[in-house]
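**Q** With UniProt numbering as the guide, the letters of the sequence shown map in order to residues 1 to 325.
Here it is, the structure, as structure tokens.
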Amino acid sequence: MELRQLEYAVAVAEELHFGRAAVRMHVTQQSVSEQIRRLERALGAPLFTRTSRRVTLTEVGEAFLPEARSAIAAVRHALDVGRRAATGTVDELRLGYAEDLGPRLFQLAVPALHARFAAIRLTPQPMTTTTQLSELSDRRLDLGFCWTAQHPPELASLLVAREPLVVALAAGHPLAASDSIDPVQLSHQPLVIVEREVNPWLHDHFVSQLESRGATVTVHREISSLDRLLPLVLTGSAIGLTITSAAAARPFAGIVYRPFTDPSPYADHRIVWRRDNTNPAVMALIDIVRELRDTAAFLPPEVPHTPDMPHRGTTTGGTGGTRPN
1 MELRQLEYAV
11 AVAEELHFGR
21 AAVRMHVTQQ
31 SVSEQIRRLE
41 RALGAPLFTR
51 TSRRVTLTEV
61 GEAFLPEARS
71 AIAAVRHALD
81 VGRRAATGTV
91 DELRLGYAED
101 LGPRLFQLAV
111 PALHARFAAI
121 RLTPQPMTTT
131 TQLSELSDRR
141 LDLGFCWTAQ
151 HPPELASLLV
161 AREPLVVALA
171 AGHPLAASDS
181 IDPVQLSHQP
191 LVIVEREVNP
201 WLHDHFVSQL
211 ESRGATVTVH
221 REISSLDRLL
231 PLVLTGSAIG
241 LTITSAAAAR
251 PFAGIVYRPF
261 TDPSPYADHR
271 IVWRRDNTNP
281 AVMALIDIVR
291 ELRDTAAFLP
301 PEVPHTPDMP
311 HRGTTTGGTG
321 GTRPN
């Protein structure tokens with residue numbers, strides 16, 4: 001199957017006329033007809049119903065058309081990016097990041113990326129994991145830094161860190177006297193956790209991990225950010241759940257953080273991108289992040305470099321597959 005066959009098929013589908021499609025593609029009608037026949041033989045089914053009066057799409061043609069358009073767009077985009085990369089003119093990389101995920105990783109990864117692509121302009125934007133996945137699927141984002149282990153099949157991901165959860169408590173709360181917290185101790189306690197609309201996977205993951213350790217979970221309040229969690233915890237009326245690195249980045253007078261007893265509940269930090277994104281700067285940034293992950297260079301000291309991470313060269317996709325190195 002050749003690119004020009006796809007282009008001819010799209011032209012015929014849009015013109016519904018072989019002659020007009022030929023004029024549009026600057027070739028003879030015979031060339032268009034021959035390439036369409038070859039494409040149909042490769043598919044094993046006709047794309048068009050032809051009569052002396054009109055041309056219409058078959059059911060196979062209706063299903064094939066949007067995929068052909070996407071394939072053509074992807075190839076053209078790849079060629080454009082490759083040409084710009086060859087001349088050092090890759091323009092922009094659009095990055096999304098969840099709260100408390102971006103800064104340390106950016107500080108280490110960005111200089112390395114600029115060393116390879118001097119002219120690149122990075123546009124980082126804070127956004128929820130749900131928004132990032134949507135923006136990636138719609139091609140409005142190049143790479144996302146998320147707390148998730150699930151994503152649509154058109155996306156791929158790399159596990160960067162598996163971070164333990166911690167319990168946020170008012171300093172005067174009875175559980176604050178413990179060195180570590182068994183999940184059962186949180187049974188029937190009013191918990192404050194991430195809002196499900198903000199991150200469905202993280203919300204459900206928090207709850208399921210506690211329940212699997214024997215806790216009866218009572219969600220008192222759902223919040224969109226750690227900044228909203230801490231004032232609620234400070235009153236002593238609720239207990240918060242958050243991630244180790246987020247807690248380390250948010251010391252708060254009157255609040256203490258306690259780890260869970262082993263095995264600790266955890267959250268997955270991943271970078272996510274579209275499988276069909278061939279932007280060399282995206283691929284370079286993925287490799288840079290992989291290198292940082294494998295040396296644990298960007299992790300704060302509170303976060304262990306766990307053996308749960310894939311070995312170098314393996315990229316995992318939550319609901320997708322793998323991308324070899």
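Idealized CB from N, CA, C, for every residue including glycine.
Would you check if the segment 145-156 and the segment 172-192 touch, i.e. whether three or more CB-CB distances between them fall below 8 Å?
**A** Touching, no, given that fewer than three Cβ pairs across the two stretches are closer than 8 Å.
**Q** Three or more beta-carbon pairs under 8 Å between the segment 195-211 and the segment 128-138, yes or no?
**A** Yes, they touch.
**Q** Closest to residue 164 by CA distance: which of 68, 259 and 4 is it?
**A** Nearest option by C-alpha distance: 259.
**Q** Helix, strand or coil, according to DSSP, for residue 1 in the structure here?
**A** Correct three-state label for residue 1: coil.
**Q** Does the distance from the CB of residue 154 to the CB of residue 276 come in under 9 Å?
**A** Yes, they are a contact pair.
**Q** Of all the alpha helix (DSSP H) runs that stay within the bounds of the segment 190-232, which reach a length of 4 or more residues?
**A** Listed in chain order, they are 200-212.
**Q** With contact counted as at least three CB pairs below 8 Å, one residue from each stretch, are the segment 110-122 and the segment 232-246 in contact?
**A** With a cut-off of 8 Å, the segment 232-246 and the segment 110-122 do not count as touching, because too few Cβ pairs lie within range.
**Q** Fully enclosed by the segment 118-156, which alpha helix (DSSP H) runs are 4 residues long or longer?
**A** You should have 129-137.
**Q** Can you tell me which of 294, 290, 160 and 273 puts its alpha carbon nearest to the alpha carbon of residue 96?
**A** Ranking the options by Cα distance to residue 96, first place goes to 273.
**Q** Given 8 Å as the limit, is there contact between the segment 55-65 and the segment 30-38, that is, 3 or more CB pairs closer than that?
**A** With the cut-off at 8 Å, the segment 55-65 and the segment 30-38 do not touch.
**Q** Taking contact to mean at least 3 C-beta pairs separated by less than 8 Å, is the segment 229-241 in contact with the segment 166-177?
**A** The answer is yes - the segment 166-177 touches the segment 229-241, with three or more Cβ pairs under 8 Å.
**Q** Among 77, 267 and 263, which has the Cα closest to the Cα of residue 162?
**A** Residue 162 has its Cα closest to that of 267, out of 77, 267 and 263.
**Q** Measure the Cβ-Cβ separation of residue 285 and residue 113 and say whether it is below 9 Å.
**A** Yes, the Cβ-Cβ distance between residue 285 and residue 113 is below 9 Å.
**Q** Less than 7 Å between C-beta atoms, sequence neighbours within five positions excluded: which residues of the same chain meet that for residue 5?
**A** Taken in chain order, the residues that qualify are 35, 38 and 39.
**Q** Taking only three categories from DSSP, how would you classify residue 16?
**A** Coil, per DSSP.
**Q** Quick one: measure Cβ to Cβ for residue 86 and residue 288, integer angstroms, because I've assumed they're closer than 8 Å.
**A** Contact doesn't hold; Cβ gap of about 20 Å is too wide.
**Q** Name the residue from 52, 166, 59 and 2 whose alpha carbon lies nearest to the alpha carbon of residue 261.
**A** When only C-alpha atoms are compared, the closest one is 166.
**Q** Between which two residues does the beta strand (DSSP E) holding residue 271 run?
**A** From DSSP, the beta strand (DSSP E) with residue 271 extends over 266-274.
**Q** Beta carbon of residue 193, beta carbon of residue 160: below 9 Å?
**A** Cβ atoms of residue 193 and residue 160: not closer than 9 Å.
**Q** Check each candidate in 291, 293, 281 and 292 and name the one with the smallest Cα separation from residue 143.
**A** Cα-wise, what sits closest to residue 143 is 281.
**Q** Quick check on DSSP: helix, strand or coil for residue 11?
**A** Residue state, collapsed to three classes: helix.
**Q** In the DSSP assignment, the beta strand (DSSP E) including residue 181 goes from what residue to what residue?
**A** Unbroken run through residue 181: none, as it is neither H nor E.
**Q** Determine the burial state of residue 229: buried for a count of at least 16 other Cβ atoms within 10 Å of its Cβ, exposed for fewer.
**A** Buried: at least 16 other Cβ atoms inside 10 Å.
**Q** Taking the CB atoms as reference points, tell me whether residue 13 and residue 43 lie closer together than 9 Å.
**A** No. Outside cutoff.
**Q** Under a three-way DSSP split, which group does residue 186 fall into?
**A** Looking at residue 186 - three-state DSSP - the assignment turns out to be helix.
**Q** Verify whether the separation of the beta carbon atoms of residue 55 and residue 26 is less than 9 Å.
**A** No, the Cβ-Cβ distance between residue 55 and residue 26 is not below 9 Å.
**Q** Enumerate in chain order the residues of its own chain whose CB-to-CB distance from residue 122 is below 7 Å, with the five nearest sequence positions on each side excluded.
**A** Only 93, 95 and 110 meet the Cβ criterion.
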